[in-house]
Amino acid sequence: MTGLRANLKRCLVAMVLLSLPGVLGACTVNPATGKQSFTAFMSPEKEKEVGRLEHVKIVKQFGGVYDEDELGAYVAIVGAKLSRYAELPDLSYTFTVLNDEKVNAFALPGGYVYITRGLLALVASEAEMAGVLAHEIGHVTARHTAQRYSATMATNIGLQVLGVIGSALGAPTGTGTLASFGAQAALQSYSREQELESDMLGVRYLARAGYDTNAMTGFFHKLQAHTRLMATMEGRDGGEQHSIMSTHPLTSERITAAKQQVAMVQASGNKQGARAYDDMIDGLLFGDDPKQGIRKGRVFEHPDLGIRFEVPSGFTMLNSSTQLLARNNDGVEIIFTMANADTFLKAGDVSKYLAAIRIDGTRFSGIETLDVNGMDAATGNTRVTKNGQSRDARLVVIREDNERAYQLLFLTPPKMAASMSTDLRRTTYSFRKMTRAEREAIKPLRIRLRTVKPGDTVESISARMPIETFAVEWFELLNGKSRSTPLNPGDVVRIVAE
Ligand code: ZN
Numbered sequence: 000m001t002g003l004r005a006n007l008k009r010c011l012v013a014m015v016l017l018s019l020p021g022v023l024g025a026c027t028v029n030p031a032t033g034k035q036s037f038t039a040f041m042s043p044e045k046e047k048e049v050g051r052l053e054h055v056k057i058v059k060q061f062g063g064v065y066d067e068d069e070l071g072a073y074v075a076i077v078g079a080k081l082s083r084y085a086e087l088p089d090l091s092y093t094f095t096v097l098n099d100e101k102v103n104a105f106a107l108p109g110g111y112v113y114i115t116r117g118l119l120a121l122v123a124s125e126a127e128m129a130g131v132l133a134h135e136i137g138h139v140t141a142r143h144t145a146q147r148y149s150a151t152m153a154t155n156i157g158l159q160v161l162g163v164i165g166s167a168l169g170a171p172t173g174t175g176t177l178a179s180f181g182a183q184a185a186l187q188s189y190s191r192e193q194e195l196e197s198d199m200l201g202v203r204y205l206a207r208a209g210y211d212t213n214a215m216t217g218f219f220h221k222l223q224a225h226t227r228l229m230a231t232m233e234g235r236d237g238g239e240q241h242s243i244m245s246t247h248p249l250t251s252e253r254i255t256a257a258k259q260q261v262a263m264v265q266a267s268g269n270k271q272g273a274r275a276y277d278d279m280i281d282g283l284l285f286g287d288d289p290k291q292g293i294r295k296g297r298v299f300e301h302p303d304l305g306i307r308f309e310v311p312s313g314f315t316m317l318n319s320s321t322q323l324l325a326r327n328n329d330g331v332e333i334i335f336t337m338a339n340a341d342t343f344l345k346a347g348d349v350s351k352y353l354a355a356i357r358i359d360g361t362r363f364s365g366i367e368t369l370d371v372n373g374m375d376a377a378t379g380n381t382r383v384t385k386n387g388q389s390r391d392a393r394l395v396v397i398r399e400d401n402e403r404a405y406q407l408l409f410l411t412p413p414k415m416a417a418s419m420s421t422d423l424r425r426t427t428y429s430f431r432k433m434t435r436a437e438r439e440a441i442k443p444l445r446i447r448l449r450t451v452k453p454g455d456t457v458e459s460i461s462a463r464m465p466i467e468t469f470a471v472e473w474f475e476l477l478n479g480k481s482r483s484t485p486l487n488p489g490d491v492v493r494i495v496a497e
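Right, here's the structure in full:
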């Protein structure tokens, strides 16, 4: 009730502040939430147009459409079923699986809903996947993007017309500029209230479509476990972080709220669809797409660049579109990137390039030339500060051709420098070109279903997965089982394999 009144007040304040012709009546009653919402600047037609234009950009930015017809069709069927129970059943939705290993889902205005393959790998059942889609449908039907867009517009216009609007007045605030509106706005976080509202709507649509509504909280627990594992892998504090799917409410808060919703809605069924879901993701790409380079055990291979190298044991590799970062528990880091192309072209060779660049404002000294498996290379060292800690920095630059060179940066706590030197040297000399046969033989990792045999344990199965660190944790996450759970022969589990 108070929420409703606050909303209405916010609407009225926005209208009064604007006092523009044609804006009266801009507070519409949302069909999904029954609340007054301020969406003056974005009509449903405009929403569709924005969605259509941004769709292409989003797909490109997130690794393209995951090329697996059957899975895409399955997601679309589940999504379409849910959307029939939403408040805008005539809106045509487009559901897209993105070829991105990160765990993410989001929606654009006009009914465009996205889910990554990274998220699909975690989901335990069709019901949990439906919960994620239903939450995103909730953002669409509650017209959260239209609200945000209109709030931003109101703030911008208000600032011009009235001078300064204090947010203390309860006027809508927004920091985005119109020029940057688009894909970015769709990815900006929603407010805490909007996230909880979408969770509420998600539970509602799950219930109407006959799914087990507890799937919503089931997925949030997965999300929490995944956030914890990523924090550990990246060497951050393992405490609860704001998750990718939302910045505002903590996942624990969403779980509590969703539980209350679940208790309130009348479920029409109890569908889980765990087995059907497992069959659908058998063979799902896991981790890197070879196009971005692929991590397998301690080896990093990049078939498009045609290079490979090996990191020392105990290093966790994190791959992104711009770098590969490998780190161990002692704070040693190896960062692989491309050399700056312009600087390299201007410098002409690896030694001059190394002399020309700076890191943390300092130059490299002690520059020596090397031969790394037939490639011209140079190395130099310096001392830098990273996150307040002193680090020995050694850079190895390896020439591919006149225009292209690779860089391996080794950051070592000074007291570890001596003990790590052999390992890091070995990594440097493991760097080599791949043969054509090797490039063609590269197979990505995939989720596979395995039947548990007598004597199998979580540990023994995990040990056979081609993951150097945290294999057991990944098994636990993919299967929703802990290592202390005994496995029963005949059970079907998800593993990571070629
Ligand atoms: Zn959300």
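Position one of the sequence shown corresponds to residue 0 (numbering that gives the first Met the number 0), numbered consecutively onward.
All C-beta atoms in this analysis are idealised placements derived from N, C-alpha and C, irrespective of residue type, glycine included.
Rounding to the nearest angstrom, what Cα-Cα distance links ILE306 and MET199 in this structure?
Near 49 Å, if we compare the C-alpha coordinates of MET199 and ILE306.
Among ALA338, TYR405, ILE441 and GLU439, which one has its Cα closest to the Cα of THR427?
TYR405
If I'm right that VAL495 touches TRP473 with Cβ under 8 Å, what's the distance once you round it to whole angstroms?
7 Å
Go to ALA503, then tell me how far its alpha helix (DSSP H) extends in each direction, as first and last residue.
This structure gives no information on residue 503, because the portion of the chain shown stretches from 0 to 497.
Comparing alpha-carbon positions, which option in LEU118, GLY78 and GLU125 lies nearest GLY558?
Because the chain is modelled from 0 through 497, residue 558 falls outside the range shown and cannot be assessed.
Residue from ILE333, ALA377 and ASP341 whose Cα sits closest to the Cα of ALA354:
Nearest Cα to ALA354 within the set ILE333, ALA377 and ASP341: ALA377.
Report the partner residues of MET374 according to the DSSP bridge assignment.
VAL371
Using beta-carbon positions only, say whether GLU196 and GLY137 come within less than 8 Å of one another.
yes
Nearest-angstrom Cα distance between SER461 and PHE285?
Cα-Cα distance, rounded: 15 Å.
Cβ shell of LEU228 (< 8 Å), same chain only, five flanking positions each side left out:
PHE469, GLU472, TRP473 and LEU476
Since ILE446 contacts ARG493 with CB under 8 Å, what's their CB separation in whole angstroms?
Between ARG493 and ILE446 the Cβ distance is about 5 Å, and since that is below 8 Å, they are a contact.
Exposed unless 16 or more other CB atoms sit within 10 angstroms - verdict on LEU23
At LEU23 the pLDDT is 39, less than 50, meaning the model places this residue with poor confidence; the figure from the coordinates comes in the next sentence. LEU23 should be labelled exposed.
In chain order, what residues of the same chain lie with their CB nearer than 6 Å to the CB of ALA182, ignoring the 5 residues before and after it?
Reliability of the predicted coordinates at ALA182 is poor, the pLDDT of 43 falling under 50, and the value obtained from them is presented with this limitation in mind. If we look at ALA182 and ignore the five residues flanking it on each side, its Cβ neighbours are GLU53, LYS56 and ILE57.
What residues in its chain sit with their C-beta under 8 Å from that of ARG502, if we drop five residues either side in the sequence?
Outside the displayed range of the chain (0 to 497) lies residue 502, so it cannot be described from this structure.
Would you mind giving the Cβ-Cβ distance between ALA208 and LYS80, rounded to the nearest angstrom? I have them listed as a contact below 8 Å.
Contact between ALA208 and LYS80 holds: their C-beta atoms lie close to 5 Å from each other, under 8 Å.
Can you confirm whether the stretch 431-439 touches the stretch 299-319 when touching is taken to mean that 3 or more C-beta pairs between the two stretches lie within less than 8 Å?
yes
Apart from the five residues just before and just after LYS295, which ones in its own chain have a Cβ nearer than 6 Å to its Cβ?
So the list reads PRO465, once near-sequence residues are dropped.
Is there at least one non-hydrogen atom of ligand 1 closer than 7 Å to the beta-carbon of GLU194?
yes
Indicate the three-state DSSP secondary structure (helix, strand or coil) for ARG449 in the structure shown.
strand
DSSP beta-bridge partners of SER389
THR384
For ARG357, which three-state DSSP category applies?
Three-state result, ARG357: strand.
What is the DSSP secondary structure of PRO108, reduced to helix, strand or coil?
coil
Hey, would you say the C-beta of TYR210 is under 7 Å away from at least one heavy atom of ligand 1?
The closest heavy atom of ligand 1 lies 7 Å or more from the beta carbon of TYR210.
Is the separation between the beta-carbon of LEU317 and that of MET232 shorter than 8 Å?
yes
Of all the CB atoms in chain C, is at least one closer than 8 Å to the CB of ASP303?
Going by chain labels, chain C is absent from the structure shown, which holds only one protein chain.
Using only the heavy atoms of ligand 1, determine whether one of them is closer than 7 Å to the beta carbon of SER461.
It does not: the Cβ of SER461 is nowhere closer than 7 Å to a heavy atom of ligand 1.
Using a Cβ-Cβ cut-off of 7 Å (strictly less than) and excluding sequence neighbours within five positions of TYR73, which residues of its own chain qualify?
MET279
Inter-residue Cα distance where the pair is ARG116 and ALA262
Distance between ARG116 and ALA262, taken at the CA atoms: about 31 Å.
Looking at the structure shown, is GLY282 part of a helix, part of a strand, or coil, going by DSSP?
DSSP places GLY282 in coil when its eight states are reduced to three.
Buried/exposed call for THR67, threshold 16 Cβ in 10 Å:
First, the residue type needs correcting, since residue 67 is Glu and not Thr in the sequence shown. Counting other Cβ atoms within 10 Å of its Cβ, GLU67 reaches 16 or more and is therefore classed as buried.
So which of ASP359, ALA338 and ALA416 has the shortest CA-CA distance to VAL395?
ALA338
Proximity below 8 Å, CB of VAL112 to CB of ALA120
no
Taking only the alpha-carbon atoms, compute the straight-line gap between GLY130 and GLU467 and give it to the nearest angstrom.
Going from the Cα of GLY130 to the Cα of GLU467 covers about 32 Å.
From which residue to which residue does the beta strand (DSSP E) around GLU332 run?
Here the beta strand (DSSP E) through GLU332 covers 332-337.
Using the C-alpha atoms, what's the distance from ASN386 back to GLY175?
Confidence in GLY175 is poor, its pLDDT being 29 and thus under 50, which makes the residue's placement unreliable; the coordinate value appears in the next sentence. Taking the straight line from one Cα to the other gives about 30 Å.
Near ALA185, which residues of its chain fall below 8 Å by C-beta distance, leaving aside the five closest residues on each side in sequence?
Low confidence applies here, because ALA185 scores a pLDDT of 47, under 50, leaving its location unreliable and the question unanswered by this model.
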